[in-house]
Amino acid sequence: MARGKLRLDLRRPAPWLLAAYMVLYIPVGLALIYNNGIDAFTNDKLLATWSYVHQAFIFGVFVLILLSPRTLQALRTTAPMWPFVILTLASMTWSADPKLSWAGFELVFGAVIVLPAIYAWLGQHRGLRTTGFLNGLIVVASLVAALVYPARAVVQASNIVGAEYAGAWRGVLIHKNVLGQASCVALLILIQQPRARSLLWWLFAASAAICLVFSRSSNSVLGFGAGLIAYVALSGRVTRRPWALALLGLVICLLAFGLAINVDDLARALGRSSNFSGRTDIWRYALRLIQKQALLGHGYGTVDSAFKSRSIVALHSDAVNPHNGYLDLAFDLGAAGLIALLWGVAVILLRAYRLILHGHSRERRIAICYVSMIVASLTMAMGEAAPLRVDGDGAASFFLALAALSQLDALRRRPVSRLKSSPVRLVEPISPEPVLAAEPPLLS
């Protein structure tokens with residue numbers, strides 16, 4: 013991507029709206045979730061106030077979208093995600109807790125409708141810079157907090173390993189997994205910058221690397237590795253060989269299948285507890301609950317309350333979700349919702365792959381970066397629910413990348429469709445010929 017400054021034009025409100033959306037959605041919300049976890053949503057008045065402000069912001073942006081001439085184009089680009097949105101809205105009718113289901117739909121509404129429309133205003137190139145900048149802000153803020161609160165970090169040093177919130181970063185109350193995921197995405201964006209490195213680049217890169225290591229989030233490290241592999245594979249010759257790419261995908265699927273079937277043996281081989289700190293027990297229990305509502309699930313947004321109350325009794329665990337993004341979604345929307353989301357993601361990734369094959373060099377670089385972010389999120393979701401949830405790191409990477417890829421593909425196809433709808437006939441200019449004098453008629 014070409015080097016340049018990110019200019020925020022007041023006449024184009026999209027950059028400011030996107031920045032305000034992310035500030036309201038991720039750092040503030042996460043900072044208000046204390047050690048009580050989900051209980052903070054019901055006990056903290058400040059969090060309730062933030063929720064109302066956030067809802068007002070969401071619907072305010074929606075009104076702004078309706079007044080924009082680019083609304084229809086923005087909605088068309090996210091057509092593969094609409095079955096997921098419609099199913100989420102319909103789940104309110106059978107949800108055990110309609111209030112939580114409505115809150116869940118609000119999250120999906122913000123990710124699938126608001127963000128793509130903002131990207132339609134923002135443009136494909138500035139979108140990548142803004143995404144990287146916002147993830148970088150989370151990382152740098154966490155690093156500064158670790159330096160500002162050294163005494164508190166030392167006192168809590170014994171709680172860093174296995175702590176719910178990373179001890180060194182507890183000054184800003186950012187969950188260790190969210191910190192690791194933000195660091196993963198920031199690093200993936202930074203290493204794909206094609207031009208010379210600046211001082212700001214080295215600051216962001218060093219901060220992201222430090223936070224990724226000291227967050228102690230193994231899922232984030234695994235996601236970074238998967239995203240890096242996707243970047244290398246799509247940037248090299250394997251892109252021109254579909255069979256090699258298909259073979260790589262098959263290997264990844266086999267590894268994932270082996271992890272799901274023989275997870276206990278794999279854990280012992282890695283020197284960890286046989287149940288991955290209780291995860292395998294949680295996964296098995298979640299599967300039993302999912303089978304009771306296998307097709308349509310329990311309603312979007314109900315997993316945090318319904319699953320936690322049941323896991324305390326059955327497993328004596330305070331797990332608020334299944335610690336797996338796919339099981340988390342299957343609990344809420346069943347197999348239909350999981351298939352709808354994966355189908356939408358697959359369609360967008362196939363369009364991106366076609367763009368990588370036939371697009372210009374600048375478009376290819378941007379598309380590869382977004383694809384690597386999606387691959388990283390899908391990989392991290394094997395051990396955590398946050399990467400596929402809009403209230404987790406999903407809004408900062410997964411859903412933003414899906415929206416940006418859709419806009420990038422739409423902008424690429426727009427000139428072609430315009431030529432097809434109104435073909436222009438090219439008329440060759442007629443070269444002037446010398447005018448000859450009329451010859452006299454022949455006399456018989």
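Position in the sequence shown counted from 1, then plus 12, gives you the numbering used here.
The beta-carbon is built from N, C-alpha and C at its ideal position, and this holds for glycine as well.
A quick note: this is a predicted structure, and the numbers were derived from the prediction, not measured.
Asked: Let me know the secondary structure DSSP gives Pro334 once reduced to three states.; Found: coil
Asked: In whole angstroms, give me the CA-to-CA distance for Ala221 and Thr105.; Found: 45 Å
Asked: Assuming Arg376 and Ile368 are in contact, meaning their beta carbons sit under 8 Å apart, how far apart are those beta carbons, in whole angstroms?; Found: 5 Å
Asked: Exposed or buried, which one is Gln303 when buried takes at least 16 other CB atoms within 10 Å?; Found: exposed
Asked: Assuming contact is defined by CB atoms lying nearer than 8 Å, are Ala200 and Phe236 in contact in what I supplied?; Found: The question names Ala, but residue 200 in the sequence shown is Leu. Yes.
Asked: At which residues does the alpha helix (DSSP H) containing Tyr243 begin and terminate?; Found: 230-247
Asked: State the Cα-Cα distance for the pair Ser418 and Thr90, rounded to the nearest angstrom.; Found: 6 Å
Asked: Fully enclosed by the segment 339-400, which beta strand (DSSP E) runs are 3 residues long or longer?; Found: none
Asked: Within 10 angstroms of the Cβ of Arg401, are there 16 or more other Cβ atoms? Answer buried if so, exposed if not.; Found: buried
Asked: In the structure shown, what three-state DSSP assignment does Trp213 receive?; Found: helix
Asked: DSSP on Trp106, reduced to helix/strand/coil?; Found: coil
Asked: Which residue wins for smallest C-alpha separation from Ile294, given the options Leu307, Leu339, Ala306, Leu420?; Found: Leu339
Asked: Could you tell me whether the Cβ atoms of Leu486 and Cys196 are closer together than 8 Å?; Found: Here the chain covers residues 13 to 456 and nothing more, so residue 486 does not appear.
Asked: Taking the straight line between their C-alpha atoms, what separation do you get for Thr100 and Leu345?; Found: 7 Å
Asked: Given a cut-off of 8 Å, decide if Ser103 and Leu361 are closer than it, judged by their beta-carbon atoms.; Found: no
Asked: Less than 6 Å between C-beta atoms, sequence neighbours within five positions excluded: which residues of the same chain meet that for Ser433?; Found: Here Ser433 scores only 40 on pLDDT, less than 50, and its place in the model should not be relied on; the value that follows carries that caveat. Result list for Ser433: empty, nothing under 6 Å.
Asked: State yes or no: is the C-beta of Met385 within less than 8 Å of the C-beta of Ala413?; Found: yes
Asked: With 16 as the cutoff for other CB atoms within 10 Å, does Leu159 come out buried or exposed?; Found: Note that Leu159 has pLDDT 49, beneath the 50 cutoff, so the model's placement of it is unreliable and the number below is only indicative. Per the 10 Å Cβ criterion, exposed.
Asked: So, with DSSP's three-state summary, where would you put Leu99?; Found: helix
Asked: Taking Gly239 and Val387 to be in contact with their CB atoms under 8 Å, please state how far apart those CB atoms are, rounded to whole angstroms.; Found: 5 Å
Asked: Could you tell me how far apart the beta carbons of Ala397 and Asn333 are, in whole angstroms, since I believe they sit closer than 8 Å?; Found: 5 Å
Asked: Would you say the beta carbon of Gln419 comes nearer than 7 Å to a heavy atom of the ligand COA?; Found: The model on display carries no ligand, and the ligand COA is accordingly not part of it.
Asked: How would you label Leu341, buried or exposed, when you count the other beta carbons within 10 angstroms and need 16 or more for buried?; Found: buried
Asked: Please go through the same chain and pick out, in chain order, the residues whose beta-carbon is closer than 7 Å to the beta-carbon of Gly315, but skip the five residues on each side of it.; Found: The question names Gly, yet the displayed sequence has Val at residue 315. Excluding sequence neighbours, Val315 sits near Asn333, Asp340, Phe343, Asp344.
Asked: Among the residues of its own chain, which have a CB less than 6 Å from the CB of Arg284, if the five just before and after it don't count?; Found: At Arg284 the pLDDT is 47, less than 50, meaning the model places this residue with poor confidence; the figure from the coordinates comes in the next sentence. Excluding positions up to five away in sequence, the list is empty.
Asked: Go ahead and pull the three-state DSSP assignment for Leu308.; Found: coil
Asked: Between the Cα of Tyr297 and those of His310, Ala245, Gly311, Phe319, spot the shortest distance and give me the residue it belongs to.; Found: Phe319
Asked: Let me check understanding here. Comparing Cα to Cα, which of Trp213, Leu234, Phe410, Ala306 lies closest to Ala348?; Found: Ala306
Asked: Using the Cα positions of Met394 and Asn231, report the straight-line distance between them to the nearest angstrom.; Found: 8 Å
Asked: Would you report the Cα separation of Gly337 and Arg300, rounded to the nearest angstrom?; Found: 16 Å
Asked: Answer yes or no: do Phe411 and Pro399 have a C-beta to C-beta separation smaller than 8 Å?; Found: no
Asked: Measure the alpha-carbon distance for Val357 versus Leu350 and round it to whole angstroms.; Found: 11 Å
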